[in-house]
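I have placed the structure first, in the form of structure tokens, so that the comments after it can refer back to it.
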Amino acid sequence: MTQFDETAKRRIRFLTRRGLLELDIVLKRFMETEFRHLSDEELSVFVEILDLPDQEFLALVNGKETTDRPQFEPLLDKIRRS
């Protein structure tokens, strides 16, 4: 499993700056409330989610699309609740 040091976490924070305002708003709240509590395993999944195109990511967060990656669901739920 990957260990995330402070440098890696800063990189992840940078990756949350997206091209869609709606996604930026959701991610800003998530980063303020939940990010510091994520385990290394959750951070690995979060990086995978951040690799998605903005439209697909937003559709998953809004529940307009579903994912075939079950490991995404718990983290997507946290993002939605934040």
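Quick note: the sequence shown uses my numbering, first residue 1073, plus one each step. Note that the Cβ used here is the ideal one computed from N, Cα and C, for glycine as well. As the structure is a computational prediction, the values presented were derived from the model and not from experiment.
- By the neighbour-count definition (other C-beta atoms within 10 Å, threshold 16), I1097 is an exposed residue.
- Our two residues, D1126 and K1150, have alpha carbons roughly 18 Å apart in a direct line.
- Per DSSP, the continuous alpha helix (DSSP H) segment holding K1100 begins and ends at L1093 to T1105.
- Ranked by how close their Cα comes to the Cα of F1129, the residues L1092, E1114 and F1076 have L1092 in first place.
- Within the same chain, Cβ atoms closer than 7 Å to the Cβ of V1119 are found at I1084, the five residues on either side in sequence being excluded.
- For R1153, the enclosing alpha helix (DSSP H) covers residues E1145 to R1153.
- At least 8 Å separates the beta-carbon of V1133 from that of L1122.
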